[in-house]
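Residue numbers (the UniProt record's numbering), protein chains in the order written: chain D, 1 to 132; chain R, 1 to 132; chain E, 1 to 132; chain C, 1 to 132; chain P, 1 to 132; chain S, 1 to 132. Every residue gets a Cβ at the ideal spot worked out from N, C-alpha and C, and that includes glycine. Note that the structure is a prediction, hence the values are computed from the model and not measured.
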């Protein structure tokens, strides 16, 4: 259905399998979702993407749930079906309840609305908003 | 510079001025940023946009800072210069420090990267991610 | 300021100059806007773009003003500063008044808002909307 | 299939049901399309979205068919499958014939084409196009 | 499934059929893909689109495989499912191997990532990059 | 002008300065463009972005010029002013002549045009294009 076949554990290279094992360890589950099985055709790209994702989405100054909601907002704006589903599921697993989800949707909608209106009007940026 | 002239308090209609006054009260400042001065050409659109924004961005299940960071993420994905500047300034005013900002940038970058790769691969959504 | 220099009438090739002359004739003005002066570096691209634009934007089942407003809507969604300015000016020249402009902005904003919310929710298309 | 289950009339809150009833009255049909059944998980978001959509899409300085075509143009640019289907169906119901649809497609294609080329060239905006 | 029915050879106009025949001749295959069968509802749009595509994608200063990869990059950024599938298939038919595809994906991902980060930071363009 | 101040060599951390030195070595120039000076506020993000960019853009199955043109195509589709200027300059430095540039523009325009038309028509993907 995609542009490449999804690879099973038996079909991937040793380098790709090592990435799968790290995903399993970090996430505490045996489940490897389709994105990684598609990327496994290029073990170097798989590894670079996973290593960076693991680092970026780890707890830090922002908590992981906030990061997942930001991910959903970007993915919804880009219309990426797969990413919307996977990161909405991840946000829920990390504690996003229905009220939070409703507010997330409202902000995503509002931001896209005003982005388009501001763009249409080509409003000049206020000096007050610029970095000094 | 925009497609319409920015209107001063003296030039706007009574309906638009009432919206300006509400913005001033809610935000606790006399400053009206350019977006509202451009929208004031259509008082009904000005009023509807402000009323909705006020409601959507108010504290709720998500705190206002998280909402501002989501707004920045959407605006950066859409490339809306004005919105990026105004909402980055708002996020900072609400407590976003440099470490939080760095992580926000990293998530925005990662989400746009994987959105594009997933899109290129047309990865089918895992059943596990779908709503039951 | 752009990635190529804008070419004057004296600098362009004979093929490009012929396109400039056709633009002047069709539009009834001596003015050649910057887009064409930038495209003139590649006379074949200039000619193909102008010939197609001339045909697409001509009066037909949709009137030229409606076409210009659709152009503004697309350009605002894409955030194309140049196109927003040039087609908003063209829409005004063809009769778009302030009330029409306000409604255009409202529809652009609403469409971008619901596009993003629908995208976030991944709402399945109703059978009733599909072509039979 | 979406990120939330579609809710039946029996499952929604009283507030959401009142919105459904208003949709039925305004549109003169018993049919409630999936977007509203998905939004009904958050009755306040449902109500705010419907109230605004009803106002924005009502007859005004622009006729409803023109508004629907602008909606299709934005939705096609954003690649929103659901919105494209629902608003193309709505445009047809309001009188868009095949010739009008063909011209709409041509303008959408042309605008996206020149937006991208202008963007690549970073053409500076002509002074003549700017608001004085 | 689309917004229009796909037309068979028997259903299209003589003008559309002539375009189908030219597609068959140029591509050396009897196969007409769905895009053209959908466009055939508007023979003039079909003809204009095909004539231009044929010219743009022909061998020139850039070879056809490079052009197909650029097409895949744009389509992935826009999230156009149909275009991603058709142009990825075309790129493969013209010699894109798995290593080239992996690198194409990596560049698409990197470009979308840095586009978003640069956009969020609103980095001013270096004078050194501007056309003199 | 951006959302952060550009940092001079004297202002950045030791970790960031080491990245600047690597950029200088790899590129064979003392010049550090603004993107890196903005990213230097977050040395870890600076380092991760540069390390990945260096790897992705290096010669491989695709030559560096092709990669730069793909980067320009993505950046133009996203409307990223900074990225368009920096990667167009890079493509020229790597040998892109005016004829190649004209063809690149034509493909970018064509792809964005057909993406939008296909999207509007919601053309179903041909079985022939899907991965077996």
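By the 10 Å Cβ neighbour count, where 16 or more other Cβ atoms means buried, how is residue 40/R classified, buried or exposed?
-> buried
Mind listing the chain D neighbours of residue 93/P? Cutoff is C-beta to C-beta under 7 angstroms, in chain order.
-> Within chain D, no residue comes near residue 93/P; the closest Cβ sits about 13 angstroms away, beyond 7 angstroms.
Since residue 107/R and residue 70/D are thought to touch, with beta carbons under 8 angstroms apart, how far apart are those beta carbons, to the nearest angstrom?
-> 5 angstroms between Cβ atoms; contact.
Anything in chain E within Cβ reach of residue 130/P, meaning under 9 angstroms, just list it in chain order.
-> Correct list: 1, 2, 3.
In chain order, what residues of the same chain have a beta carbon less than 7 angstroms from the beta carbon of residue 95/E, not counting five sequence neighbours either side?
-> 65
Counting only the same chain and skipping the five closest in sequence on each side, list residues whose C-beta sits under 8 angstroms from that of residue 87/D.
-> Cβ within range, chain order: 68, 71, 72, 75.
Does residue 65/R come within less than 8 angstroms of chain S when only Cβ atoms are used?
-> Not one chain S Cβ lies under 8 angstroms of residue 65/R.
Beta-carbon separation of residue 102/C and residue 42/P under 8 angstroms?
-> yes
Applying the criterion that 16 or more other CB atoms from any shown protein chain within 10 Å of the CB defines a buried residue, is residue 8/D buried or exposed?
-> Within a 10 Å sphere around the beta-carbon of residue 8/D sit fewer than 16 other beta-carbons, which makes this residue exposed.
The alpha helix (DSSP H) with residue 47/R in it runs from where to where?
-> 43-56
For chain R, find out if any of its Cβ atoms is closer than 8 angstroms to the Cβ of residue 70/E; answer yes or no.
-> no
Taking residue 134/P as the query, report the chain D residues whose CB atoms sit under 7 angstroms from its CB, ordered along the chain.
-> Here chain P comprises residues numbered 1 to 132, so residue 134/P is not present and cannot be evaluated.
Rounded distance between the beta-carbons of residue 122/D and residue 109/E, thought under 8 angstroms = At roughly 15 angstroms, the Cβ-Cβ gap does not stay under 8 angstroms, so residue 109/E and residue 122/D are not in contact.
Segment limits, alpha helix (DSSP H) that includes residue 113/S = 98-121
Comparing the C-beta of residue 35/D with each C-beta of chain R, is any distance below 8 angstroms?
-> yes
Taking the continuous alpha helix (DSSP H) assigned at residue 94/P, which residues delimit it?
-> Premise fails: residue 94/P is in no alpha helix (DSSP H) and is neither H nor E.
Following the continuous alpha helix (DSSP H) through residue 70/S, name the residue where it begins and the one where it ends.
-> 64-78
Candidates 117/D, 89/D, 97/D: closest to residue 129/R by CA position | 89/D
Work out the CA separation of residue 111/E and residue 33/C for me, nearest whole Å.
-> 17 angstroms
When the Cα atoms are used, what is the spatial distance from residue 48/S to residue 77/R?
-> 20 angstroms
Would residue 87/S count as contacting chain R if we go by Cβ distances under 8 angstroms?
-> no
Starting from residue 27/C, follow the alpha helix (DSSP H) in both directions and report where the run begins and ends.
-> 14-27
Is residue 19/P buried or exposed, if buried means 16 or more other CB atoms sit within 10 Å of its CB?
-> buried
Under 7 angstroms Cβ-Cβ, which residues of chain E neighbour residue 62/R?
-> In chain order: nothing, as chain E lies at least about 14 angstroms away.
Residue 83/D vs residue 118/R beta-carbon contact at 8 angstroms | yes
Contact list for residue 48/R against chain C, beta-carbon separation under 9 angstroms | Chain-ordered, the chain C residues with CB closer than 9 angstroms to the CB of residue 48/R read 52, 55, 56.
Would you call residue 81/S buried or exposed, if buried means 16 or more other Cβ atoms sit within 10 Å of its Cβ?
-> buried
Within 8 angstroms (strictly less), CB to CB, does residue 81/D reach chain E?
-> yes
In or out: residue 28/R buried (at least 16 other Cβ within 10 Å) or exposed?
-> exposed
Measure the C-alpha to C-alpha separation of residue 97/P and residue 53/R and round it to an integer number of angstroms.
-> 50 angstroms
Consider the Cβ of residue 44/C: report whether some Cβ of chain E lies at a distance smaller than 8 angstroms.
-> no
My understanding is that residue 16/P touches residue 46/P, with C-beta atoms under 8 angstroms, so please give their C-beta distance in whole angstroms.
-> Contact between residue 16/P and residue 46/P holds: their C-beta atoms lie close to 6 angstroms from each other, under 8 angstroms.
Which first and last residues belong to the alpha helix (DSSP H) in which residue 37/C is found?
-> Its alpha helix (DSSP H) spans residues 34-39.
Determine the chain S residues that contact residue 119/P at a beta-carbon separation under 7 angstroms, and present them in chain order.
-> Simply 80.
Chain P partners of residue 103/S, CB-CB under 7 angstroms?
-> Going along chain P in sequence order, the residues near residue 103/S (Cβ under 7 angstroms) are 60, 61, 62.
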